[in-house]
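Novice: Shown below is the structure under consideration.
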Amino acid sequence: LAGLLLFGIPSKGSSQEFKNPSLLWKLLPNLTCEDIGKLLKMADFVNKQLEKGERDFVQSYDLFEIEEDYRCSWTYDNSLAGLFYLIAYVLFEELGDFSSAQFYLEKAESIIDELIRTQNEDGSWYMAYNVYDLPGTKSPAWGVWPGEERHMGSIAWAGLLLANYYGLFYNDSSKQERLNNIVDASSKTLQWILSHQQMDEDKPCYGAFFGGEEYSGKPLDWASIEHNTAVQAFLITVYRLTGYSLYKERA
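First residue of the sequence shown? That's 553 in the numbering used here, and the numbers climb one at a time after it.
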């Protein structure tokens with residue numbers, strides 16, 4: 553799933569030709585009833601995890617045999633769940649099942665709205681949140697390391713979810729308020745991400761994005777290949793949406 557999502561879901565006629573180089577569209581005509589059945593089973597599980605707790609975040613793990621009251625919701629998992637719902641929306645709309653398409657779209661939108669509500673003022677997100685906190689609670693899931701930190705990879709994936717939604721609906725006037733919120737949130741996220749890139753050519757890891765920050769705000773001094781891949785995908789996606797060359801250059 554993550555491999556299909558890295559460089560974007562196709563938009564509907566974007567002026568920037570926001571295309572999806574993944575195999576998603578090529579796979580659609582070849583999907584069998586068995587494939588769709590597997591997708592629906594996956595969706596059932598994600599739906600159940602989203603329904604737990606008090607807010608529109610997924611409970612990341614179903615650990616009832618070990619820990620009945622597991623409360624943790626990782627930002628990465630919410631971002632992937634939102635992107636999964638967007639893919640389901642695109643798939644069922646192509647198949648002409650508009651009721652199912654709308655159902656999954658609303659699930660994606662609920663996660664997006666909660667992500668925007670919980671975003672830190674500097675554009676970042678904590679690694680994890682408590683699903684039993686009230687909607688919009690910005691504090692992290694305490695005591696679950698590294699849930700209190702802000703890591704580059706999960707923040708980039710949240711950005712990818714926002715960017716992909718914008719690419720799908722940028723010209724839909726009925727969604728203007730959410731689109732405006734996405735633009736504001738994404739702008740702050742981009743600023744946070746770009747501020748953590750090593751831009752000194754004389755130092756190691758030139759061009760790399762560092763891991764993020766501790767809860768205190770202390771920068772993390774390491775860089776992850778996985779995180780940098782997600783950041784590159786986010787920046788290229790935004791470049792395709794906006795045509796702003798800075799994002800391509802920094803990627």
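All C-beta atoms in this analysis are idealised placements derived from N, C-alpha and C, irrespective of residue type, glycine included.
Report the three-state DSSP secondary structure of glutamine 601 (helix, strand or coil).
Specialist: Taking the sequence shown and counting its residues from 1, one reaches residue 601 at position 49. DSSP places glutamine 601 in helix when its eight states are reduced to three.
Novice: Which of the three DSSP states, helix, strand or coil, is assigned to serine 706?
Specialist: Here residue 706 refers to the residue found at position 154 when the sequence shown is read from its first residue. Reduced to three states, the DSSP call for serine 706 is helix.
Novice: Can we say the region 684-695 touches the region 601-612, given the rule of at least three CB pairs closer than 8 Å?
Specialist: Yes, they touch.
Novice: Quick one: which unbroken beta strand (DSSP E) runs of 3-plus residues sit fully inside the region 669-729? Chain order, please.
Specialist: Whole beta strand (DSSP E) segments, 3+ residues: 680-682.
Novice: With H, G and I counted as helix, E and B as strand and the rest as coil, what does DSSP make of cysteine 624?
Specialist: On the sequence shown, position 72 is the one that residue 624 refers to. Of the three classes helix, strand and coil, the one that applies to cysteine 624 here is strand, per DSSP.
Novice: Within 10 angstroms of the Cβ of tyrosine 717, are there 16 or more other Cβ atoms? Answer buried if so, exposed if not.
Specialist: The sequence position of residue 717 within the sequence shown is 165, counting from 1. Buried: at least 16 other Cβ atoms inside 10 Å.
Novice: Using only CA atoms, which one of Glu646, His703, Phe597 lies nearest to glycine 769?
Specialist: For the purposes of this step, residue 769 is taken as the residue at position 217 of the sequence shown. Here the closest residue by C-alpha is His703.
Novice: Going by DSSP, what residue range makes up the alpha helix (DSSP H) through alanine 785?
Specialist: Along the sequence shown, read from residue 1 onward, the residue named residue 785 stands at position 233. Run containing alanine 785: 777-794, per the alpha helix (DSSP H) assignment.
Novice: Are the CB atoms of phenylalanine 761 and asparagine 732 nearer to each other than 8 Å?
Specialist: The residue given as residue 761 occupies position 209 in the sequence shown. The residue given as residue 732 occupies position 180 in the sequence shown. For phenylalanine 761 and asparagine 732, no; Cβs fall outside 8 Å.
Novice: So, using beta-carbon positions, are tyrosine 628 and serine 676 closer together than 8 Å?
Specialist: Indexing the sequence shown from 1 puts residue 628 at position 76. Indexing the sequence shown from 1 puts residue 676 at position 124. Taking 8 Å as the Cβ cut-off, tyrosine 628 and serine 676 do not qualify as a contacting pair.
Novice: Candidates Asp736, Gln654, Phe786: which alpha carbon is nearest glutamine 671's?
Specialist: As a position in the sequence shown, residue 671 is number 119, starting the count at 1. Residue Asp736 is the option with its Cα nearest to glutamine 671.
Novice: How many whole angstroms separate the CB atoms of alanine 653 and leucine 591, which I take to be in contact at a CB cut-off of 8 Å?
Specialist: Position 101 of the sequence shown, counted from the start, is the residue given in the question as residue 653. Position 39 of the sequence shown, counted from the start, is the residue given in the question as residue 591. Their Cβ separation, rounded to whole angstroms, is 13 Å, which puts alanine 653 and leucine 591 out of contact at 8 Å.
Novice: Return the CA-CA distance between tryptophan 774 and alanine 782, expressed in angstroms with no decimal places.
Specialist: The residue you call residue 774 lines up with position 222 of the sequence shown. The residue you call residue 782 lines up with position 230 of the sequence shown. Using only the alpha carbons, I get a separation of about 16 Å.
Novice: Around the Cβ of asparagine 572, are there at least 16 other Cβ atoms within 10 angstroms (buried) or fewer (exposed)?
Specialist: Indexing the sequence shown from 1 puts residue 572 at position 20. Unreliable positioning characterises asparagine 572 in this predicted model, as indicated by a pLDDT of 44, which lies under 50. The coordinate reading is nonetheless provided below. Result: buried.
Novice: Name the DSSP beta bridge partners of glycine 764, please?
Specialist: Your numbering for residue 764 matches position 212 in the sequence shown. Paired residues: His703.
Novice: Since leucine 772 and glutamate 765 are thought to touch, with beta carbons under 8 Å apart, how far apart are those beta carbons, to the nearest angstrom?
Specialist: Position 220 of the sequence shown, counted from the first residue, corresponds to residue 772. Position 213 of the sequence shown, counted from the first residue, corresponds to residue 765. Going by Cβ atoms, the distance from leucine 772 to glutamate 765 rounds to 6 Å, so yes, they are a contact pair.
Novice: Once the 5 residues before and after arginine 623 are set aside, which same chain residues still bring their CB inside 6 Å of it?
Specialist: One-based indexing of the sequence shown puts residue 623 at position 71. Once the five neighbours on either side are set aside, the close Cβ partners of arginine 623 are Asn682, Val683, Tyr684.
Novice: Which partner residues does glutamine 750 have in the DSSP bridge list?
Specialist: Numbered from 1 along the sequence shown, position 198 holds the residue referred to as residue 750. DSSP lists no partner for glutamine 750.
Novice: Just list the residues that DSSP pairs proline 756 with in beta bridges.
Specialist: As a working note, residue 756 is residue 204 in the sequence shown. DSSP lists no partner for proline 756.
Novice: Pick out whichever of Arg802, Ile734, Tyr796, Met594 has its Cα sitting closest to the Cα of leucine 632.
Specialist: Locating residue 632 in the sequence shown gives position 80, where the first residue counts as 1. Closest by alpha carbon: Met594.
Novice: Report all residues from its chain with a CB closer than 7 Å to the CB of phenylalanine 721; omit the five preceding and five following residues, and keep chain order.
Specialist: Counted from its first residue, the sequence shown places residue 721 at position 169. Around phenylalanine 721: Lys727, Leu731.
Novice: Identify the continuous alpha helix (DSSP H) that holds leucine 798 and give its terminal residues.
Specialist: Locating residue 798 in the sequence shown gives position 246, counting from the first residue. Leucine 798 -> alpha helix (DSSP H) spans 797-802.
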